[in-house]
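*Asks:* Take this structure, written in structure tokens, and hold onto it; I'll ask about it next.
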Amino acid sequence: MKTALTLAARGLGQVAPNPAVGCVIVREDGEGPRIVGRGWTQPGGRPHAETEALGRARELAKGATAYVSLEPCSHRGKTGPCAEALLDAGIARVVGAVADPNPEVAGRGFAMLQEKGVEVVENVCAAEARHLNAGFFLAMSENRPLVTLKIASSLDGRTATHDGHSQWITGERARARGHLLRATHDAIMVGSATAIVDDPELTCRLPGLGARSPIRIVADGRLRLPLTSKLVRDAMKVPLWLLTLPGGDANRRKAFEECGAVLIDVEPGEDGVMSMRNALAALSEIGVTRLLVEGGARLAASLMRDRLVDRIEWFQAPKLIGGDGYPAIAGLGVKHLDGAPVFELRDVVQLGEDSLARYARGV
Ligand code: AOF
Ligand code: ZN
311 MKTALTLAAR GLGQVAPNPA VGCVIVREDG EGPRIVGRGW TQPGGRPHAE TEALGRAREL
371 AKGATAYVSL EPCSHRGKTG PCAEALLDAG IARVVGAVAD PNPEVAGRGF AMLQEKGVEV
431 VENVCAAEAR HLNAGFFLAM SENRPLVTLK IASSLDGRTA THDGHSQWIT GERARARGHL
491 LRATHDAIMV GSATAIVDDP ELTCRLPGLG ARSPIRIVAD GRLRLPLTSK LVRDAMKVPL
551 WLLTLPGGDA NRRKAFEECG AVLIDVEPGE DGVMSMRNAL AALSEIGVTR LLVEGGARLA
611 ASLMRDRLVD RIEWFQAPKL IGGDGYPAIA GLGVKHLDGA PVFELRDVVQ LGEDSLARYA
671 RGV
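Converting from the sequence shown to the working numbering requires adding 310 to each position, the first position being numbered 1.
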């Protein structure tokens with residue numbers, strides 16, 4: 311199952327709105343267990359992991375065990391049901407990590423297999439499988455993507471000096487890791503102030519992974535992003551979506567669209583500013599399951615205030631900028647510590663001079 315999970319991870323950032331699934335087919339004859347087929351959900355979400363693995367195993371699948379990181383599907387969607395494909399191939403035993411939360415499946419995949427005499431074992435590495443596909447699970451349960459906040463700061467949590475100087479706080483290895491994060495998400499989002507000040511490209515520029523640049527999103531309620539920005543200039547090549555408030559200047563909207571940008575209207579909250587919950591619902595409806603937020607401080611704070619940040623990837627350089635620098639997260643209005651957002655530290659790695667601490671939302 312650990313192998314199936316590792317294979318599944320290959321699909322992250324490439325398969326939305328589908329989950330990233332892994333499948334390993336094992337035969338236990340002769341000299342002990344042997345893997346005869348491996349598969350993972352393919353870019354675009356299909357073929358599914360099981361059909362890929364069965365295609366490799368061919369006749370060796372007969373009587374074998376299939377380890378799947380998500381319950382095999384039972385519905386006829388854009389592809390035939392994987393449960394049926396496993397039955398047709400003569401699989402004798404299916405070990406599954408976790409049930410598929412898609413209401414079209416939800417236990418029916420396992421049931422179909424059991425009814426036909428296949429031995430089914432459930433809940434193997436279930437927590438890991440849920441963590442891996444948290445984006446898909448949140449899409450089903452909360453109609454929003456998984457939100458990962460990426461921060462690259464000094465030791466004291468500053469992302470720029472008082473004069474706005476920020477290139478570079480962290481070193482090359484940390485920055486390369488940041489690009490890898492981009493490749494494993496469906497979309498990257500920044501606030502309009504960051505897009506204006508930094509004029510970023512927001513692409514994945516790791517050798518060989520150029521084609522894995524996610525959709526670039528700017529939360530830009532009043533369409534302040536310049537038409538001359540790098541993001542707009544290459545919007546025909548790498549998708550650019552602008553989350554904006556309905557209405558606004560029709561000519562300006564048209565100008566963005568002519569450059570290739572897609573405008574997505576987001577209803578404001580009671581305070582008249584863009585509601586992050588509505589923004590995430592809009593993104594979820596069009597199939598974004600994993601969203602990487604790269605700043606700035608105000609966007610990070612507004613997601614944090616609404617308790618919409620699930621994970622933090624915090625890169626820290628061993629430098630101090632001080633209190634006159636620009637903070638990673640703007641004011642949260644926390645008065646009492648009981649009201650502070652809490653995260654759980656999952657691991658810390660050293661990347662050259664810098665560190666990367668990874669956190670998941672506490673309960
Ligand atoms: C599997 N194996 O690798 C994946 C599954 O539109 P379709 O036909 O591609 O079906 C999409 C649904 O299939 C998706 O919502 C989820 O329930 C399941 N994904 N199932 O057996 C896979 N990716
Ligand atoms: Zn399937």
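Yeah, the Cβ is synthetic: ideal placement off N, Cα and C, and Gly gets one too.
Tell whether a beta-carbon distance below 7 Å holds between G400 and A409.
*Replies:* Not closer than 7 Å, so no.
*Asks:* Which residue wins for smallest C-alpha separation from W551, given the options G518, A407, A505?
*Replies:* Measuring from the Cα of W551, the nearest candidate turns out to be A505.
*Asks:* Taking the continuous beta strand (DSSP E) assigned at A521, which residues delimit it?
*Replies:* Where A521 is concerned, there is no enclosing beta strand (DSSP E), given that its DSSP letter is neither H nor E.
*Asks:* With H, G and I counted as helix, E and B as strand and the rest as coil, what does DSSP make of G649?
*Replies:* Note: G649 maps to helix in three-state DSSP.
*Asks:* Sort P651, L364, T480 by Cα distance to C333 and report the nearest one.
*Replies:* Comparing Cα-Cα distances from C333 to each of P651, L364, T480, the minimum goes to L364.
*Asks:* My parser needs the alpha helix (DSSP H) runs of 4 or more residues fully inside the stretch 356 to 415; what are they?
*Replies:* For the stretch 356 to 415, whole alpha helix (DSSP H) runs of length 4 or above, ordered along the chain, are 359 to 367, 392 to 398.
*Asks:* Taking 7 Å as the threshold (C-beta atoms), are L533 and G570 in contact?
*Replies:* No.
*Asks:* What is the chain-ordered set of residues for which the beta carbon lies under 5 Å from any non-hydrogen atom of the ligand ZN?
*Replies:* Residues with a Cβ closer than 5 Å to any heavy atom of the ligand ZN, in chain order: H358, C383, C392.
*Asks:* When DSSP labels each residue in this structure, what does I461 get in the three-state scheme?
*Replies:* Strand.
*Asks:* Any heavy atom of the ligand AOF closer than 6 Å to the CB of N328?
*Replies:* Correct: N328 has its Cβ closer than 6 Å to the ligand AOF.
*Asks:* DSSP three-state label for S612, please.
*Replies:* DSSP places S612 in helix when its eight states are reduced to three.
*Asks:* Taking 6 Å as the cut-off, is the C-beta of R320 nearer than that to any heavy atom in the ligand AOF?
*Replies:* No, Cβ of R320 sits at least 6 Å from all heavy atoms of the ligand AOF.
*Asks:* Name the DSSP beta bridge partners of T554, please?
*Replies:* According to DSSP, which records beta bridges pairwise, T554 is partnered with D575.
*Asks:* Near V619, which residues of its chain fall below 6 Å by C-beta distance, leaving aside the five closest residues on each side in sequence?
*Replies:* Within the same chain, V619 has close Cβ partners V457, L459, L613.
*Asks:* Tell me the residue span of the beta strand (DSSP E) that contains S451.
*Replies:* Looking at the DSSP string, S451 is not in any beta strand (DSSP E); the run it does join, the alpha helix (DSSP H), is 444 to 452.
*Asks:* Cβ of T351 versus every heavy atom of the ligand AOF: is any distance shorter than 6 Å?
*Replies:* True, at least one ligand heavy atom lies under 6 Å from that Cβ.
*Asks:* Are L396 and P413 closer than 7 Å when you measure CB to CB?
*Replies:* No. Outside cutoff.
*Asks:* Around the C-beta of P391, are 16 or more other C-beta atoms found within 10 angstroms, so that it is buried, or is it exposed?
*Replies:* Buried is the call here.
*Asks:* Please tell me whether T537 and R526 are closer than 7 Å, where the distance is taken between their beta carbons.
*Replies:* Looking at the sequence provided, one finds Leu at residue 537 rather than Thr. Result no, Cβ atoms of L537 and R526 do not sit closer than 7 Å.
*Asks:* When the distance is taken between beta carbons, is P651 closer than 7 Å to A607?
*Replies:* Contact: no.
*Asks:* D509 and S539 - do their beta-carbons sit closer together than 7 Å?
*Replies:* Yes; because the gap between Cβ atoms is below 7 Å, this pair is in contact.
*Asks:* From which residue to which residue does the alpha helix (DSSP H) around A591 run?
*Replies:* First-last of the alpha helix (DSSP H) with A591: 586 to 595.
*Asks:* What residues in its chain sit with their C-beta under 8 Å from that of R454, if we drop five residues either side in the sequence?
*Replies:* Only L448, R587, L590, A591, L593, S594, L618 meet the Cβ criterion.
*Asks:* Would you say the beta carbon of R356 is closer than 6 Å to some non-hydrogen atom of the ligand AOF?
*Replies:* Yes - the ligand AOF has a heavy atom lying nearer than 6 Å to the Cβ of R356.
*Asks:* So is the beta-carbon of T313 under 6 Å away from any non-hydrogen atom of the ligand AOF?
*Replies:* No, the beta carbon of T313 sits no closer than 6 Å to any heavy atom of the ligand AOF.
*Asks:* Can you have a look at H495 and say buried or exposed, based on whether 16 or more other CB atoms are within 10 angstroms of its CB?
*Replies:* H495 comes out buried.
*Asks:* Using a 10 Å radius around the Cβ and a threshold of 16 neighbouring Cβ atoms, would you call H283 buried or exposed?
*Replies:* Since the first residue of the chain shown is 311 and the last is 673, residue 283 is not available in this structure.
*Asks:* Pull the bridge partners of M499 from the DSSP assignment, please.
*Replies:* Partner(s): I527, V603.
*Asks:* Whose CA, out of A436, M450, R615, H489, lies closest to the CA of I461?
*Replies:* Residue H489 is the option with its Cα nearest to I461.
*Asks:* Count the CB pairs spanning the stretch 510 to 523 and the stretch 624 to 633 that are closer than 8 Å, and state whether there are at least three.
*Replies:* As far as the Cβ criterion goes, the stretch 510 to 523 does not touch the stretch 624 to 633, which means the pair count is below three.
*Asks:* Would you say V434 and V405 are within 7 Å of each other, going by their C-beta atoms?
*Replies:* Yes, these two residues count as a Cβ contact at 7 Å.
*Asks:* Can you find the residues in the same chain that come closer than 6 Å, C-beta to C-beta, to V378, ignoring five residues on each side of it along the sequence?
*Replies:* If we look at V378 and ignore the five residues flanking it on each side, its Cβ neighbours are C333, G406.
*Asks:* What does DSSP give as the partner residue(s) for R347 in the beta ladder?
*Replies:* Note that residue 347 is Gly in the sequence shown here, rather than Arg. In DSSP, G347 forms a bridge with I335.
*Asks:* Taking only heavy atoms of the ligand AOF into account, decide whether any of them is closer than 6 Å to the Cβ of D496.
*Replies:* Incorrect: D496 has no Cβ contact closer than 6 Å to the ligand AOF.
*Asks:* Buried or exposed for D473, please, with buried defined as at least 16 other CB atoms from any protein chain shown within 10 angstroms of its CB.
*Replies:* Per the 10 Å Cβ criterion, exposed.
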